[in-house]
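All letters in the sequence shown, in the order written, are residues 1 to 364 by the UniProt record's numbering. Virtual Cβ for every residue (Gly too), placed ideally from N, Cα, C. For reference, the structure discussed in these notes is given below.
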Amino acid sequence: MIPSPTATHVRSEIVMGGIDTRLQPLRHHVFQLPTPTVIHESKRQETELRKRIRDIYDDPSLESKEKARKVQQLMSSSRTSTIKCAANTTTPMLQNLELDGERMPTYHDHKENILGCTHYQRKVKLQAECCGRLFTCRFCHDEASDHMIDRHTTKNMMCMLCKTLQPAGKVCRACGVEAARYYCDKCKLWDDQPDASAYHCDDCGICRKGQGLGKDFFHCKTCNVCMTISMQNNHKCIERSLESDCPICGEYMFTSRTPVTFLPCGHCIHKPCYTAYSQTAYQCPTCLKSMTDMSAYFKLIDEEMRQQPMPEEYKSYVSTIFCNDCQSRSTNVPFHFFYHKCTHCASYNTTVLSTLSPSCCPPS
Numbered sequence: 001m002i003p004s005p006t007a008t009h010v011r012s013e014i015v016m017g018g019i020d021t022r023l024q025p026l027r028h029h030v031f032q033l034p035t036p037t038v039i040h041e042s043k044r045q046e047t048e049l050r051k052r053i054r055d056i057y058d059d060p061s062l063e064s065k066e067k068a069r070k071v072q073q074l075m076s077s078s079r080t081s082t083i084k085c086a087a088n089t090t091t092p093m094l095q096n097l098e099l100d101g102e103r104m105p106t107y108h109d110h111k112e113n114i115l116g117c118t119h120y121q122r123k124v125k126l127q128a129e130c131c132g133r134l135f136t137c138r139f140c141h142d143e144a145s146d147h148m149i150d151r152h153t154t155k156n157m158m159c160m161l162c163k164t165l166q167p168a169g170k171v172c173r174a175c176g177v178e179a180a181r182y183y184c185d186k187c188k189l190w191d192d193q194p195d196a197s198a199y200h201c202d203d204c205g206i207c208r209k210g211q212g213l214g215k216d217f218f219h220c221k222t223c224n225v226c227m228t229i230s231m232q233n234n235h236k237c238i239e240r241s242l243e244s245d246c247p248i249c250g251e252y253m254f255t256s257r258t259p260v261t262f263l264p265c266g267h268c269i270h271k272p273c274y275t276a277y278s279q280t281a282y283q284c285p286t287c288l289k290s291m292t293d294m295s296a297y298f299k300l301i302d303e304e305m306r307q308q309p310m311p312e313e314y315k316s317y318v319s320t321i322f323c324n325d326c327q328s329r330s331t332n333v334p335f336h337f338f339y340h341k342c343t344h345c346a347s348y349n350t351t352v353l354s355t356l357s358p359s360c361c362p363p364s
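Below you can see the structure in the form of structure tokens.
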């Protein structure tokens, strides 16, 4: 078991850049109001931000999704810049209060005395370059901040056992404890799960769960994502398919920790979202194609329609339909209140385009 640090460790040494410093006792400080220069600079940045957003929306060469993505990136970079500016003007009292709380250990499982957070097991905290604060992981940072962390710029970590702030690494330089079973220096990712299995993909630019490329995963250059080996020659490519939000929960899937399912149509969806969604629907929420082989279900519909024919007054009605599965149009399809069968692939995953009554179709 990992010994639980006591309260006396809160004011132990912090080692940064080879220079040892100690936290000074808290003193009363007057909170400083922003100066006119700071206010003027803030207004200038806001005006510039508004102009750049207008330029994006006025660009006719960009599609709506691309415009939204660029605006989101712009807003994120703007918030990061604002935080950096604010960090430089934080009062000493606020700095001490933040450091006192941030240097306390956090737990993945408090009862079992396992250090970490709700997202990861690890014995260290990272120091965010954007705001200089300590967080157990990047998700903890993003949940508690109004800006997103750039994980790749992280330089320092703090060991939660000895409270030493030091360059990021797999092993604590002060007490010699291994911070995590898995450590990626490119992503600054620590994972101390006993069964931790992860690898870094240079094409994705991040770490993925699995044994590694060529073992149980491969990287599809077109889709720009790592997939299981079984899908190497058995999937439909959609360019940068994972760089999108889950159509059910809205979370960005490329960097999500939630497992993703690739549908036959090539679109992606979170696995838990797919499990819940497929209880009540069988169409891809993005393109409406069937998410699985529906032939058995369609045969049941055939039998149901034979047993329950349409009322006599509707038997002469016909519809024009579009098949979501084979992308074909069918005409003169017998009208039904619920089901219309594609004449090309026999799918019932169709959309009614129009319906004509006998009066609209005089005999030729």
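Give me the Cα-Cα distance between residue i and residue j, rounded to the nearest whole angstrom.
i       : j       : result
Ala-174 : Tyr-120 : 22 Å
Glu-251 : Cys-204 : 18 Å
Leu-213 : Leu-300 : 43 Å
Gln-127 : Tyr-297 : 54 Å
Ser-278 : His-270 : 12 Å
Arg-122 : Lys-341 : 55 Å
Lys-221 : Glu-63  : 23 Å
Thr-292 : Thr-350 : 15 Å
Leu-353 : Asn-332 : 11 Å
Phe-338 : Phe-322 : 14 Å
Cys-162 : His-152 : 25 Å
Arg-138 : Thr-286 : 30 Å
Cys-345 : Gly-132 : 60 Å
Ala-144 : Lys-70  : 24 Å
Pro-247 : Cys-273 : 9 Å
Gln-308 : Phe-335 : 13 Å
Glu-129 : Ile-149 : 8 Å
Lys-170 : Ile-114 : 17 Å
Met-157 : Thr-136 : 9 Å
Pro-60  : Arg-52  : 15 Å
Pro-311 : Cys-249 : 42 Å
His-147 : Arg-44  : 20 Å
Asp-58  : Thr-47  : 17 Å
Verify whether the separation of the beta carbon atoms of residue i and residue j is less than 7 Å.
i           : j       : result
Ser-357     : Thr-343 : no
Met-160     : Pro-105 : yes
His-235     : Cys-226 : no
Lys-186     : His-200 : yes
residue 373 : Tyr-182 : Beyond the ends of the chain as shown, which are 1 and 364, falls residue 373; an answer cannot be given.
His-108     : Gly-116 : yes
Val-260     : Trp-190 : no
Ser-295     : Asp-325 : no
Cys-284     : Cys-265 : yes
Thr-355     : Ser-319 : yes
Cys-223     : Ser-244 : no
Asp-216     : Ile-229 : yes
In the structure shown, what three-state DSSP assignment does residue i receive?
i       : result
Ile-53  : helix
Pro-334 : strand
Cys-265 : coil
Pro-194 : coil
Met-231 : helix
Glu-178 : strand
Lys-70  : helix
Tyr-120 : coil
Gln-327 : coil
Leu-33  : Annotation note: pLDDT 45 at Leu-33 (below 50); position unreliable, coordinate value reported separately. In this structure, Leu-33 counts as coil in the three-state DSSP scheme.
Thr-106 : coil
His-340 : coil
Thr-320 : strand
Tyr-314 : helix
His-152 : helix
Could you please give the first and the last residue of the uninterrupted alpha helix (DSSP H) stretch that includes residue i?
i           : result
residue 377 : Nothing about residue 377 can be read from this structure; the chain reaches only from 1 to 364.
Phe-254     : First-last for Phe-254: undefined, no H or E at that position.
His-141     : 138-144
Tyr-277     : 271-277
Where does residue i land, buried or exposed, given buried means 16+ other C-beta within 10 angstroms?
i       : result
Ala-276 : exposed
Phe-262 : buried
Thr-154 : buried
Asp-55  : exposed
Thr-255 : exposed
Leu-134 : buried
Asp-202 : exposed
Lys-289 : buried
Arg-103 : buried
Asp-192 : buried
Should residue i be counted as a contact of the ligand FMN given a C-beta to heavy atom distance under 6 Å?
i       : result
Lys-215 : The model on display carries no ligand, and the ligand FMN is accordingly not part of it.
Output the boundary residues of the beta strand (DSSP E) element that contains residue i.
i       : result
Gln-307 : First-last for Gln-307: 295-307, but that is the alpha helix (DSSP H), not the beta strand (DSSP E).
Cys-159 : 156-159
Gln-211 : That residue, Gln-211, is in no beta strand (DSSP E); it is neither H nor E in DSSP.
Thr-351 : 350-356
Gln-166 : 165-167
Cys-220 : 217-220
Could you tell me whether the Cβ of residue i comes closer than 7 Å to any Cβ of chain D?
i       : result
Ala-196 : No chain D is present in this structure, which holds just one protein chain.
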